[in-house]
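Numbering (the numbering used here), first residue to last: 365 to 566.
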């Protein structure tokens, strides 16, 4: 029976344990250093959701996390690498990685942005893609943006709902900026990922 159960698992145990170990270290550290509200970042939601999805091997949950964790995290990685090479960058996504006030270990935990996209693509390829993910993750994203705007400190600027800069200023007046954010995420990240995984994953 044990062999049969193992053969039914489509994702290696080593990947599940590795992701769980990373999350088990990250969560208490970030709660102490950043605060619980930090987990409203869409990237953190993608990481935590991926950990749950790996163990459950839920096609729907993995598909949702792939929409939110492939292209956005690739963008974070490219910006981070760009700032490493030229010490500047047009986006603020990875700016905190160069903040010496944060301990190096804490910043190092953010490197999950780098391994999350290939992990999600691999997992969805093994488990399959669920087309319902596009609608459900879009709804989740909108709910998270609303929560960030109405229930968090503007100085934290979670998911850039208050714009860019210090202090943050939106490129457009609200609610147009939030609508623009949704359009950018949906058209620039979620829909392309949905289309690719729909064709490529079983």
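C-beta atoms are modelled at their ideal positions from N, C-alpha and C, and glycine is treated no differently. If you're wondering where the values come from, they're calculated on a predicted model, not measured in any experiment.
From residue 352 to residue 422, what does the alpha carbon distance come to, in whole angstroms? It is not possible to answer for residue 352, since the shown part of the chain is limited to 365 through 566.
Grouping DSSP H, G and I as helix and E and B as strand, with all else coil, what is residue 496? coil
Do you know how far the Cα of residue 399 is from the Cα of residue 511? 16 Å
With H, G and I counted as helix, E and B as strand and the rest as coil, what does DSSP make of residue 403? helix
Given 8 Å as the limit, is there contact between the stretch 435–447 and the stretch 520–531, that is, 3 or more CB pairs closer than that? no
What would DSSP say about residue 528, mapped onto helix, strand or coil? strand
Rounded to a whole number of angstroms, what is the C-alpha to C-alpha distance between residue 441 and residue 562? 24 Å
Minimum C-alpha distance to residue 424 - residue among 553, 499, 481, 546: The residue among 553, 499, 481, 546 with its C-alpha nearest the C-alpha of residue 424 is 499.
Measuring only the C-alpha atoms, how far is residue 383 from residue 415? Taking the CA atoms as reference points, residue 383 sits about 6 Å from residue 415.
Measure the CB-CB distance between residue 553 and residue 413 and report whether it falls below 9 Å. no
For residue 491, count neighbouring Cβ atoms within 10 angstroms of its own Cβ and tell me buried if that reaches 16, exposed if not. buried
If distances are taken between C-alpha atoms only, which option among 437, 472, 506, 503 comes closest to residue 389? 472
Integer-rounded CB distance, given that residue 420 should sit under 8 Å from residue 494: Contact flag wrong, Cβ pair sits at about 13 Å.
By DSSP, does residue 565 sit in helix, in strand, or in coil? coil
Below 8 Å on the Cβ atoms is my guess for residue 559 versus residue 485; work out the distance and round it to an integer in Å. Contact between residue 559 and residue 485 is absent: CB atoms are separated by about 14 Å, not below the 8 Å threshold.
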